[in-house]
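Protein chains in written order, with the working numbering: chain A, 1 to 232; chain B, 1001 to 1294. Before any comments, here is the structure.
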């Protein structure tokens, strides 16, 4: 469903809603998945991101997103120089991702506090994005809603337990997707919700012994803005 | 939100309402927000649009490549002398260039509907409102109408140059601006619908051919010419001129033309102005300059 405010927006640093704002959103979602500013980041740009990324500030935008800057934050312009001060050691390179992927796609391999994660995201136009792969699992995460992402053992009742925990916190679920590589293995769960996810709910989900890890992804609208930049 | 502009026109006409009112009511229902909250958000977008316009008119910005910037100020500086049409027309062109020059310099803009087409809507709406002394409330309503038109184009066709060429970016922006401006200046919902059709018929087939794939050339100027087309459509629609092909069909055929467009003409820099001898040379030189500068 298209919203008026998707069309009259987003407020963003130019020059390209797909190559700059969308790239920043991919960085922000990846940052949430690793739980904060990563210590290391390998940024691989595919297709049009690789060809015209430099002129569009795609590298600045992704690194800025990893640092927690929103698409309307003018600090994006200087993100590469700010990374070291924020404890982020990064590389940016060009690559070709095999298979049918959108031309504006980036793969990020992040490390933080002994954890690592590999995320592939595409920028679909007008600032909309989709994470298409997380640690080898095919997913579809738009980041348009507060989202719970978790990896858990695939077992009966798992969906009911997770949705029960969210229901206890009055979080309404908009969509739910489950991906697994094989029966009885691990399953990836993506729950897009109408309401912000309380940190406590993620704590209770992670406490379940069959859940490997769980993260809350904030929608861009729910993130704190730039200290001096315009309000959304 | 509506998927048919004709349906929105029928609803507004039946309720003796404006397109802005039916759009705000539909958005409030879809998103579970109040009309006041939506108008407040549109008001903030308006402030950013104004900021970008003012910033660009100052005339001291250059893009990453150095190839665009400073042209908006030329239209303002020469406003008295040698103007052909002059007046609000020239002011609207200056505003369109201004916003796109800010965008190309990594300044803050409102992507409405996209960053590459972000100059048309603020230029046409704030330019006309300034000339007519219209209030910010009128401008916020116009943004709601523009959002409705853009939402219908997104559903039925595309708002992406990579999918549909420039007709889906500055073309859609011209349609949004024309419909919104027609209503803002007192036109009926039906006249606003015709303004959209009259604007978009004039951009059908427009290719997306940016030099080096960057949102600079010809994007900055396409926003100015897109604004001119929007003004022409408003002028005709408010004179009572109607367009025989219904607006939804015009939007549909824009999508169809986009899908049939060769990939060279869809933001890949493989055709059009990007592939001219000078276009290729400038793209090569500019990429060298961007690398040197960073």
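C-beta atoms are modelled at their ideal positions from N, C-alpha and C, and glycine is treated no differently.
Inter-residue Cα distance where the pair is residue i and residue j
{"i": "residue 103 of chain A", "j": "residue 1084 of chain B", "result": "43 Å"}
{"i": "residue 1064 of chain B", "j": "residue 32 of chain A", "result": "30 Å"}
{"i": "residue 129 of chain A", "j": "residue 1126 of chain B", "result": "30 Å"}
{"i": "residue 71 of chain A", "j": "residue 24 of chain A", "result": "6 Å"}
{"i": "residue 1157 of chain B", "j": "residue 29 of chain A", "result": "28 Å"}
{"i": "residue 1002 of chain B", "j": "residue 1179 of chain B", "result": "15 Å"}
{"i": "residue 34 of chain A", "j": "residue 190 of chain A", "result": "15 Å"}
{"i": "residue 1042 of chain B", "j": "residue 1048 of chain B", "result": "10 Å"}
{"i": "residue 1100 of chain B", "j": "residue 1073 of chain B", "result": "13 Å"}
{"i": "residue 1160 of chain B", "j": "residue 159 of chain A", "result": "37 Å"}
{"i": "residue 1023 of chain B", "j": "residue 170 of chain A", "result": "30 Å"}
{"i": "residue 1269 of chain B", "j": "residue 89 of chain A", "result": "33 Å"}
{"i": "residue 1166 of chain B", "j": "residue 1204 of chain B", "result": "9 Å"}
{"i": "residue 1226 of chain B", "j": "residue 66 of chain A", "result": "36 Å"}
{"i": "residue 97 of chain A", "j": "residue 134 of chain A", "result": "14 Å"}
{"i": "residue 17 of chain A", "j": "residue 1116 of chain B", "result": "8 Å"}
{"i": "residue 1110 of chain B", "j": "residue 1258 of chain B", "result": "24 Å"}
{"i": "residue 54 of chain A", "j": "residue 149 of chain A", "result": "31 Å"}
{"i": "residue 1190 of chain B", "j": "residue 1281 of chain B", "result": "47 Å"}
Opening and closing residue of the alpha helix (DSSP H) in which residue i lies
{"i": "residue 1170 of chain B", "result": "1170 to 1184"}
{"i": "residue 1088 of chain B", "result": "1087 to 1104"}
{"i": "residue 1054 of chain B", "result": "1035 to 1057"}
{"i": "residue 1121 of chain B", "result": "1120 to 1132"}
{"i": "residue 1191 of chain B", "result": "1189 to 1201"}
{"i": "residue 1014 of chain B", "result": "1005 to 1014"}
{"i": "residue 1323 of chain B", "result": "With chain B running from 1001 to 1294 in the structure shown, residue 1323 of chain B is simply not present."}
{"i": "residue 235 of chain A", "result": "Since the first residue shown for chain A is 1 and the last is 232, residue 235 of chain A is missing from the structure and cannot be characterised."}
{"i": "residue 1247 of chain B", "result": "1247 to 1259"}
{"i": "residue 29 of chain A", "result": "22 to 34"}
{"i": "residue 70 of chain A", "result": "Per DSSP, residue 70 of chain A belongs to no alpha helix (DSSP H) and is neither H nor E."}
{"i": "residue 1075 of chain B", "result": "1071 to 1077"}
{"i": "residue 1235 of chain B", "result": "1219 to 1238"}
Member of the options whose CA lies at the smallest distance from the CA of residue i
{"i": "residue 1089 of chain B", "options": "B/1100, B/1075, B/1146", "result": "B/1075"}
{"i": "residue 51 of chain A", "options": "A/208, A/121, A/105", "result": "A/105"}
{"i": "residue 212 of chain A", "options": "A/154, A/132, A/195, A/101", "result": "A/154"}
{"i": "residue 167 of chain A", "options": "A/202, A/99, A/90", "result": "A/202"}
{"i": "residue 1213 of chain B", "options": "A/138, A/140, A/1, A/49", "result": "A/49"}
{"i": "residue 192 of chain A", "options": "A/7, A/74, A/162", "result": "A/162"}
{"i": "residue 151 of chain A", "options": "A/83, A/136, A/224", "result": "A/136"}
{"i": "residue 1150 of chain B", "options": "B/1225, B/1032, B/1114", "result": "B/1114"}
{"i": "residue 157 of chain A", "options": "A/210, A/182, A/126", "result": "A/210"}
{"i": "residue 1137 of chain B", "options": "B/1039, B/1273, B/1256, B/1077", "result": "B/1039"}
{"i": "residue 1068 of chain B", "options": "B/1266, B/1107, B/1216, B/1145", "result": "B/1216"}
{"i": "residue 87 of chain A", "options": "A/145, A/47, A/38", "result": "A/38"}
{"i": "residue 1142 of chain B", "options": "B/1053, B/1061, B/1066, B/1182", "result": "B/1182"}
{"i": "residue 9 of chain A", "options": "B/1188, B/1147, B/1005", "result": "B/1147"}
{"i": "residue 1035 of chain B", "options": "B/1163, B/1140, B/1245, B/1278", "result": "B/1140"}
{"i": "residue 1122 of chain B", "options": "B/1107, B/1106, B/1094, B/1278", "result": "B/1094"}
{"i": "residue 111 of chain A", "options": "A/5, A/74, A/42", "result": "A/42"}
{"i": "residue 1233 of chain B", "options": "B/1086, B/1202, B/1219", "result": "B/1202"}
{"i": "residue 179 of chain A", "options": "A/47, A/140, A/124", "result": "A/140"}
{"i": "residue 223 of chain A", "options": "A/188, A/91, A/144", "result": "A/144"}
{"i": "residue 1208 of chain B", "options": "B/1199, B/1197, B/1019, B/1221", "result": "B/1221"}
Residue i, DSSP secondary structure in three states
{"i": "residue 1026 of chain B", "result": "helix"}
{"i": "residue 188 of chain A", "result": "strand"}
{"i": "residue 1269 of chain B", "result": "coil"}
{"i": "residue 1141 of chain B", "result": "helix"}
{"i": "residue 111 of chain A", "result": "strand"}
{"i": "residue 58 of chain A", "result": "helix"}
{"i": "residue 164 of chain A", "result": "helix"}
{"i": "residue 1274 of chain B", "result": "helix"}
{"i": "residue 207 of chain A", "result": "helix"}
{"i": "residue 39 of chain A", "result": "coil"}
{"i": "residue 1107 of chain B", "result": "coil"}
{"i": "residue 216 of chain A", "result": "strand"}
{"i": "residue 1000 of chain B", "result": "Nothing in the structure corresponds to residue 1000 of chain B, since chain B is present only between 1001 and 1294."}
Where the beta strand (DSSP E) through residue i begins and ends
{"i": "residue 121 of chain A", "result": "115 to 125"}
{"i": "residue 3 of chain A", "result": "Careful: residue 3 of chain A lies outside any beta strand (DSSP E) and carries neither H nor E."}
{"i": "residue 90 of chain A", "result": "89 to 95"}
{"i": "residue 140 of chain A", "result": "137 to 141"}
Cβ-Cβ distance between residue i and residue j below 8 Å
{"i": "residue 1057 of chain B", "j": "residue 1096 of chain B", "result": "no"}
{"i": "residue 1231 of chain B", "j": "residue 1092 of chain B", "result": "yes"}
{"i": "residue 204 of chain A", "j": "residue 173 of chain A", "result": "no"}
{"i": "residue 1173 of chain B", "j": "residue 2 of chain A", "result": "no"}
{"i": "residue 1134 of chain B", "j": "residue 1176 of chain B", "result": "no"}
{"i": "residue 1251 of chain B", "j": "residue 1152 of chain B", "result": "yes"}
{"i": "residue 99 of chain A", "j": "residue 26 of chain A", "result": "no"}
{"i": "residue 108 of chain A", "j": "residue 101 of chain A", "result": "no"}
Any non-hydrogen atom of the ligand ATP within 7 Å of residue i CB
{"i": "residue 1281 of chain B", "result": "Absence of the ligand ATP is noted for the structure shown, with no ligands found whatsoever."}
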